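Residue numbers (the numbering used here): 190 to 339.
The beta-carbon is built from N, C-alpha and C at its ideal position, and this holds for glycine as well.
Every value quoted in this text rests on a predicted model; they were computed, and no experiment measured them.
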């Protein structure tokens, strides 16, 4: 996958592009978990993102349907570390990864010459079989007709 090619589809998102909220993270961690808001909840409204193409929006809806809520927001959370800053960068990476995967899914795969030859051969064979069946059917119908000498 060519990185430059995906950058044509997707811009690098930053903190200004997303809505970020912080909450207390669950799990083990003692006082840190009970007192510090380290969990990051990051959202980006896909419906109002002017830089997002309709094709990319549809690809995101298809690939990340569990992360998109009813309001059309892509929601990513991170509780990976005990640090708010590290969770923030992790959530940004996750969100960028979602956008990059959607952009990559829009790029058609490259087909090598050998595969093209194989496809052409299969097309010819299918066409020959179709014509053979057509001749058989025509012959069957022809044999049913009464032979009337003029």
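field: Cα-Cα separation, residue 310 to residue 333
entry: Pairing residue 310 with residue 333, the inter-Cα distance amounts to about 35 Å.
- prompt: Leaving out the 5 sequence neighbours to the left and right, which residues in its chain are closer than 7 Å to residue 283 when beta-carbon positions are compared?
  reply: A distance below 7 Å between beta-carbons, with the five flanking residues on each side excluded, links residue 283 to the following residues of its chain, in chain order: 265 and 267.
Sequence-distant residues of its chain with Cβ nearer than 7 Å to residue 200 (five each side left out): The answer, listed in chain order, is 240.
- request: Check whether the segment 246 to 255 touches the segment 297 to 317, counting contact only when three or more Cβ pairs, one atom from each stretch, lie closer than 8 Å.
  value: Cβ pair count under 8 Å is below three, so no.
- prompt: In whole angstroms, what is the alpha-carbon distance linking residue 280 and residue 305?
  reply: For residue 280 and residue 305, the gap between their C-alpha atoms comes out near 42 Å.
- prompt: Helix or strand or just coil, what does DSSP make of residue 269?
  reply: In the three-state scheme derived from DSSP, where H, G and I count as helix and E and B as strand, residue 269 is classed as coil.
message: Among 233, 235, 236 and 216, whose alpha-carbon lies nearest the alpha-carbon of residue 227?
response: The shortest Cα separation from residue 227 among 233, 235, 236 and 216 belongs to 216.
- prompt: Roughly how many angstroms separate the alpha carbons of residue 308 and residue 235, rounded to a whole number?
  reply: A straight line joining the alpha-carbon of residue 308 with that of residue 235 spans about 39 Å.
Backbone secondary structure at residue 335 - three-state DSSP: The answer is coil: DSSP assigns residue 335 none of H, G, I, E or B.
field: Opening and closing residue of the alpha helix (DSSP H) in which residue 251 lies
entry: Residue 251 -> alpha helix (DSSP H) spans 243 to 252.
message: Tell me the rounded alpha-carbon separation between residue 337 and residue 313.
response: In this structure, the alpha-carbon of residue 337 lies about 38 Å from that of residue 313.
- request: Look up residue 226 in the DSSP assignment and say whether it is helix, strand or coil.
  value: Judged by DSSP in its simplified three-state form, residue 226 adopts coil rather than helix or strand.
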